[in-house]
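Have a look at the structure below before the remarks.
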């Protein structure tokens, strides 16, 4: 609040919830500098809705076995993003997709089995990797059986017809064709072709170099390639790449000529970290923020600022007045909790987070919120639970 210009403070406090909710400031006595700031902020805000080119063909995920464990929202996200990745790979002639933070492999399997792309799925969580690998194997089995049945039916109706290729939702465009044995396609042969979908358990550190990335990827996808061979053009893709993982992807793309394209939907921006150098609030010129101008300002955005910056304008505008008032109260309570965490646990503050979400019933008063928030404090190092400090302080 101390950073807000003095002439803005009183006018901002005088705005009603209705005026803030609708961003209608007519009739409010606002300084010209504040009005100009609000107009510029609106003008430079990025669109929240993805615009898909008319040339991008979005393929619906119709087969049940492809959408197992996927919610309708997730299916929609995967359909649109997979189509966009496929279109970009065509445009940039990328031969390989690296799915960063691949989770349980929803995007990776769609790109490979529906669009025929070579995919390397990189995920740090071992459980997610195991689930993704099992998912890929099951889909490969189903498609191999369908391919074998198609081959058998074709032979029965036309003995001279060539052996059919494995069935996919659309024709394969980039991946090499599967083997075509003289008799019929076996499940094992088709599954070997599907081994071009690779899952790698790996944590990508923030300062990862493109060469280190290639060392992780190439042994799994190009086992026979020589050390001096030029790597194939690659596309980095990510859906809900969390926190600093998005920054790592952008840095890899900027540094490597072999990464010809990048498409990413980030999330959890408030988990971005700035590293402090020495004392006095001097921050390093590390990987975040990417903007040189912001780095030069040495401005500590803070967890609260990043959390608030994640709140899309349209999200707030579409809320009912009651929900809008709750969000304002909830955001304020979180700021109070953050200040308390930094005051009482300065040495552990950078590793602290509040586990899960706090329900509305615990947001009636700041005391209720703080008690619930501190009961859910957790530390990234796995330290013992933290106690709630005396609320009187």
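Numbering (this note's numbering), first residue to last: 8 to 400. Ideal Cβ placement from N, Cα and C applies to all residues, glycine included.
query, result
"Excluding sequence positions up to five away, which residues of its chain have a Cβ less than 6 Å from the Cβ of residue 204?", "119, 126 and 143"
"Rounded to the nearest angstrom, how far is the Cβ of residue 213 from that of residue 251, given a contact under 8 Å?", "5 Å"
"So what does DSSP say about residue 214, is it helix, strand or coil?", "coil"
"With burial defined as no fewer than 16 other Cβ atoms inside 10 Å of the residue's Cβ, what is the status of residue 358: buried or exposed?", "exposed"
"Is it the case that the Cβ atoms of residue 129 and residue 109 are separated by a distance below 8 Å?", "yes"
"Start and end of the alpha helix (DSSP H) containing residue 95?", "79–99"
"Using a Cβ-Cβ cutoff of less than 6 Å, which residues in the same chain neighbour residue 341 once the five nearest sequence positions on both sides are dropped?", "none"
"Leaving aside the five residues before and after residue 174 along the sequence, list all residues of the same chain whose C-beta is less than 7 Å from its C-beta, in chain order.", "With a pLDDT of 33 at residue 174, under the threshold of 50, the predicted position of this residue should be treated as unreliable, though the coordinate-derived value follows. So the list reads 150, 153, 154 and 157, once near-sequence residues are dropped."
"Please say whether residue 139 and residue 111 have beta carbons closer to each other than 8 Å?", "yes"
"By the three-class DSSP mapping on this structure, what secondary structure does residue 102 have?", "coil"
"In angstroms with no decimal places, state the Cα-to-Cα distance between residue 103 and residue 388.", "36 Å"
"When the Cα atoms are used, what is the spatial distance from residue 39 to residue 20?", "16 Å"
"Between 383, 375, 350 and 346, which has its C-alpha nearest residue 364's C-alpha?", "383"
"Which residues bound the alpha helix (DSSP H) around residue 119?", "113–120"
"According to the Cβ coordinates, are residue 207 and residue 91 closer than 8 Å?", "no"
"For residue 279, does the three-state DSSP call read helix, strand or coil?", "coil"
"Give the range of the beta strand (DSSP E) segment to which residue 267 is assigned.", "266–274"
"Just list the residues that DSSP pairs residue 245 with in beta bridges.", "271"
"Return the CA-CA distance between residue 22 and residue 300, expressed in angstroms with no decimal places.", "32 Å"
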